[in-house]
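Notes follow the structure.
In this note's numbering, the protein residues as written are 8 to 126.
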């Protein structure tokens with residue numbers, strides 16, 4: 008899966024593109040995701056900070072936006088992907104909790120219906 012990477016006020020080398028693609032693949036495979044598309048913007052502000060922003064459109068109509076800032080370009084990328092990993096963990100935890108609640112509620116309904124039946 009390739010990330011569409013664009014630079015503003017900065018020239019992006021092949022090494023940066025490869026680094027971003029590698030981190031995206033590692034994050035996706037670690038959390039077993041099915042992203043639809045990922046867009047990244049790399050910018051350098053006048054004060055020397057590198058700003059890396061990433062928008063990821065995931066399956067099940069879930070979109071997340073993360074960013075990282077640092078004076079080192081690779082640290083900015085790492086910070087954004089660390090934020091992405093944290094958001095994915097939180098999303099998966101909510102999804103699993105929702106499924107557990109739904110399954111328990113569904114099971115309780117079956118038990119109530121079974122108790123109300125008389126033979």
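For each residue, glycine too, the CB sits at the ideal point set by N, CA and C.
When DSSP states are grouped into helix, strand and coil, residue 10 belongs to the coil group. For residue 63, no alpha helix (DSSP H) segment is defined; the enclosing uninterrupted segment is the beta strand (DSSP E) at 57-65.
Ranked by Cα distance from residue 68, the first of 23, 50, 42, 22 is 42. Put simply, the backbone Cα of residue 11 is about 22 Å away from that of residue 93. Per DSSP, the beta-bridge partners of residue 46 are 11, 62. By the criterion of a C-beta distance shorter than 6 Å, residue 30 is surrounded in its chain by 88, once the five residues flanking it on both sides are discounted. In this structure, residue 14 lies near residue 49, with their beta-carbon atoms less than 8 Å apart. Taking all protein chains in view, the Cβ of residue 91 is crowded by 16 or more other Cβ atoms within 10 Å, so the residue is classified as buried. The Cβ neighbour count for residue 61, taken over all protein chains shown within 10 Å, is at least 16; the residue is labelled buried.
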